[in-house]
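Only one structure is covered here, and it is reproduced in the block below.
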Amino acid sequence: MNFSDYLKAKVLCVLLVILLHLCGTAQGTVDSLLDLSLEYWSRDTDKAYVLAEKAYDISSKAKDRRSMGKARVAKASAKLMQGEYLTAKNLLALNLMDSLSLDGKTLGLTHSFMGYALLNDNFVKANRAFLWAIPHFQKEGDSVNMAIVYNGLGMIQSKLKRETEAQDYYRQSLRYNTDALGYKNLCVYISTQMNMAELYANRSEAESSFVNAVALASKNGLDFFIPTIYQRLGHYYVQNKAYGKAIVYLEKALSETQRMKLGGEEPLLFRDMGTAFFLDGRYGKAVESYYKALPLARMEVRDTLYKRLSMAYYRMNDIENGERYLRRFLEHTDSIRQLHRDEAVTEMIEKYESDRKDLEIKLLQQENQHALFNNRRQKRQLLLAILLASFLTIMVVTVWVFYKREREQNELLYTKNQALVLAGKRRPPSVKAPTGADINKDLVSRIEKGMDGQLFLDKGLTLAKLAHLLGTNTTYLSSTINGHYQSRFSDFINGHRTNYVLSRLETDAEFREYTIDHIADISGFNSSSAFYKAFKKQTGLTPSYYIRRKLREKTNSHS
Numbered sequence: 006m007n008f009s010d011y012l013k014a015k016v017l018c019v020l021l022v023i024l025l026h027l028c029g030t031a032q033g034t035v036d037s038l039l040d041l042s043l044e045y046w047s048r049d050t051d052k053a054y055v056l057a058e059k060a061y062d063i064s065s066k067a068k069d070r071r072s073m074g075k076a077r078v079a080k081a082s083a084k085l086m087q088g089e090y091l092t093a094k095n096l097l098a099l100n101l102m103d104s105l106s107l108d109g110k111t112l113g114l115t116h117s118f119m120g121y122a123l124l125n126d127n128f129v130k131a132n133r134a135f136l137w138a139i140p141h142f143q144k145e146g147d148s149v150n151m152a153i154v155y156n157g158l159g160m161i162q163s164k165l166k167r168e169t170e171a172q173d174y175y176r177q178s179l180r181y182n183t184d185a186l187g188y189k190n191l192c193v194y195i196s197t198q199m200n201m202a203e204l205y206a207n208r209s210e211a212e213s214s215f216v217n218a219v220a221l222a223s224k225n226g227l228d229f230f231i232p233t234i235y236q237r238l239g240h241y242y243v244q245n246k247a248y249g250k251a252i253v254y255l256e257k258a259l260s261e262t263q264r265m266k267l268g269g270e271e272p273l274l275f276r277d278m279g280t281a282f283f284l285d286g287r288y289g290k291a292v293e294s295y296y297k298a299l300p301l302a303r304m305e306v307r308d309t310l311y312k313r314l315s316m317a318y319y320r321m322n323d324i325e326n327g328e329r330y331l332r333r334f335l336e337h338t339d340s341i342r343q344l345h346r347d348e349a350v351t352e353m354i355e356k357y358e359s360d361r362k363d364l365e366i367k368l369l370q371q372e373n374q375h376a377l378f379n380n381r382r383q384k385r386q387l388l389l390a391i392l393l394a395s396f397l398t399i400m401v402v403t404v405w406v407f408y409k410r411e412r413e414q415n416e417l418l419y420t421k422n423q424a425l426v427l428a429g430k431r432r433p434p435s436v437k438a439p440t441g442a443d444i445n446k447d448l449v450s451r452i453e454k455g456m457d458g459q460l461f462l463d464k465g466l467t468l469a470k471l472a473h474l475l476g477t478n479t480t481y482l483s484s485t486i487n488g489h490y491q492s493r494f495s496d497f498i499n500g501h502r503t504n505y506v507l508s509r510l511e512t513d514a515e516f517r518e519y520t521i522d523h524i525a526d527i528s529g530f531n532s533s534s535a536f537y538k539a540f541k542k543q544t545g546l547t548p549s550y551y552i553r554r555k556l557r558e559k560t561n562s563h564s
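Take the position in the sequence shown, starting the count at 1, then add 5; the result is the number in the numbering used here.
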């Protein structure tokens, strides 16, 4: 897409965004942009990418991470169509890092597209990505994307030459496309049909499948598929040494490409036709096709054309042209470039040996350059040291500020807890039962007396044991604690144990000298870790901090 087309796409995006903002919400804008991106997906991938990128920008400003994930998938889809697999993988990797923010379908699409992005790079990772996508699409009931996943799994098996497994996956893909009503369904259906056809041993079945794919694409407005179908059918017949049929279908592919003005594919089709003519022994026709491919061919394709032109001329006993194109081919290879570099080095050495004065001058220049390089390196090292020192200073200040704030916060918590203990308010309050709740006041009174009698100090106290001591059953006791105190049994008991510790710490100097393990043990806790957890939950401070602060306070008061 040239700059003019790109500018038009940008203007279209801006106008669309303005219109949608006037008519609806930001979410509606994003969804509309992504729907429009999908419409351009097969016709103009550049425009599809621009629309998806605009949707991503809006989602990012709104801090809508779920919509950002959808937009990344749309951008990656466009890049896959353009063959930019690395860019697609990077976009999809960002989605996987933020997978908790994605809905099931978006996460499934992320895994599915990652499978296609890795298809030519790592079969194991690609296969794993496709398999991870399946549960998400199954849960969503998404038959279209299930078909896409199984088509990808079939392609992996096909590349590994496992024809039986590949056919099984392709058939599963087609089963999910039985309705074949939607645009995306048809794209997957045609792609799968072509993949299956390439595996057929029977030529008539392969040709029939390809021809049916052409008819289906033509009927449903998917003309962009037709040149590819004919080209792949031509490749199939080349592999099966039916060169005459291969040429027929490659000519059809060329005709359709020219009709749809897909100029970028013409050099490849002329090259493939030349190869078919060459293998069929029609070397003159091969040369003619290769010549037609040369003017528009990319550099890597041109290397191949030079080589094949040389081979064709040699087969025609035209040694002069054969050698001419062989030389052109060699000029494009790394070996010739390496040879030229070696010759340049040899000439340089000979020149230095014949002229010592020039060599001394050059060596002096090199020494000066080396000294200059050292000076620059020292400056860089000094700058790096300054930056490192600045960074360490910032880190120290940051840690000190953090520590100071934490200490101030702990002091506030300590003061608050101490005030509550002294005021006698550390006891869990009797919360009024919700309206309509049936709370037995007598049972509540018995619970209060039991807590006043320090039943909670019993390490073996359970709901059942307390119910027995209070003359009730576990269900009723649990319901009363939950309803009246708005607390679970374990939190209720641990709260009383924590209050007991706080009270003893406040009034008993000897108690403050005990170890944490001993305090936990005599307070009814089964372990010091359970004590730590309950104490921190209720006070916001650790027991060790609280005790140290209490001891310091008493020491200061004595001094």
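Note that CB positions come from ideal geometry on N, CA and C, so glycine has one too. It should be emphasised that the depicted structure is a prediction, and the values quoted were computed from it without experimental measurement.
Can you tell me whether DSSP reads residue i as helix, strand or coil?
i, result
"Tyr-121", "helix"
"Asn-217", "helix"
"Tyr-288", "helix"
"Asp-51", "helix"
"Gln-491", "coil"
"Phe-407", "helix"
"Lys-166", "coil"
"Ala-138", "helix"
"Glu-515", "coil"
"Met-321", "coil"
"Thr-477", "coil"
"Tyr-505", "helix"
"Gly-458", "coil"
"Arg-382", "helix"
"Tyr-181", "coil"
"Arg-303", "coil"
"Ser-223", "helix"
"Glu-44", "helix"
Going straight from the alpha carbon of residue i to that of residue j, what length do you get?
i, j, result
"Leu-124", "Met-160", "8 Å"
"Arg-432", "Trp-405", "At Arg-432 the pLDDT is 48, less than 50, meaning the model places this residue with poor confidence and gives no usable figure here."
"Thr-485", "Arg-502", "19 Å"
"Asn-245", "Glu-325", "33 Å"
"Thr-544", "Leu-471", "26 Å"
"Ala-539", "Phe-497", "10 Å"
"Pro-272", "Leu-387", "56 Å"
"Val-401", "Ser-395", "10 Å"
"Asn-478", "Gly-500", "22 Å"
"Asn-445", "Ser-528", "29 Å"
"Val-78", "Ile-63", "15 Å"
"Met-151", "Leu-284", "40 Å"
"Arg-167", "Gly-146", "29 Å"
"Asp-40", "Leu-112", "18 Å"
"Phe-221", "Asp-51", "The sequence shown places Leu at residue 221, not Phe. Each residue's Cα considered, the two are about 26 Å apart."
"Leu-393", "Ala-134", "42 Å"
"Asn-415", "Pro-548", "12 Å"
"Phe-215", "Glu-170", "21 Å"
"Ala-567", "Glu-453", "Any question about residue 567 goes unanswered here, given that the chain covers just 6 to 564."
How about residue i and residue j: are their beta carbons less than 8 Å apart?
i, j, result
"Lys-80", "Met-119", "no"
"Leu-107", "Arg-71", "yes"
"Ala-98", "His-116", "no"
"Ser-42", "Ala-60", "yes"
"Tyr-419", "Leu-546", "yes"
"Phe-310", "Arg-332", "In the sequence under discussion, the amino acid at residue 310 is Leu, which differs from the Phe named in the question. Not closer than 8 Å, so no."
"Ser-533", "Val-426", "no"
"Leu-314", "Arg-307", "no"
"Met-278", "Glu-261", "no"
"Met-73", "Ser-82", "no"
"Ser-148", "Tyr-181", "yes"
"Ala-281", "Tyr-248", "yes"
"Leu-165", "Phe-128", "yes"
Using a Cβ-Cβ cutoff of less than 8 Å, which residues in the same chain neighbour residue i once the five nearest sequence positions on both sides are dropped?
i, result
"Gly-476", "Arg-451"
"Ser-223", "Ile-231"
"Gly-441", "Low confidence applies here, because Gly-441 scores a pLDDT of 42, under 50, leaving its location unreliable; read the following figure in that light. Closer than 8 Å at Cβ, skipping near neighbours: no residue."
"Leu-462", "Arg-502, Tyr-505, Ile-527, Ser-528, Gly-529"
"Leu-460", "Leu-466, Leu-471, Leu-474"
Please list, in chain order, all residues of the same chain as residue i whose beta carbon is under 6 Å from its beta carbon, the five residues on each side excluded.
i, result
"Thr-92", "Lys-84"
Any heavy atom of the ligand FAD within a distance shorter than 7 Å of the CB on residue i?
i, result
"Ser-483", "Inclusion of the ligand FAD in the displayed structure is not the case, the ligand content being empty and no account of it being possible."
Go through its chain and collect everything with a Cβ distance to residue i's Cβ below 7 Å, but skip five positions before and after it.
i, result
"Tyr-121", "Leu-85, Gly-157"
"Leu-569", "In the structure as shown, the chain begins at 6 and stops at 564. Residue 569 is therefore absent and cannot be evaluated."
"Met-456", "His-501"
"Phe-516", "Arg-509, Leu-510"
"Leu-556", "Arg-517"
Compare the C-beta of residue i with all C-beta atoms of chain D and state if any pair is closer than 8 Å.
i, result
"Asp-126", "The displayed structure is made up of one protein chain only, and chain D is not part of it."
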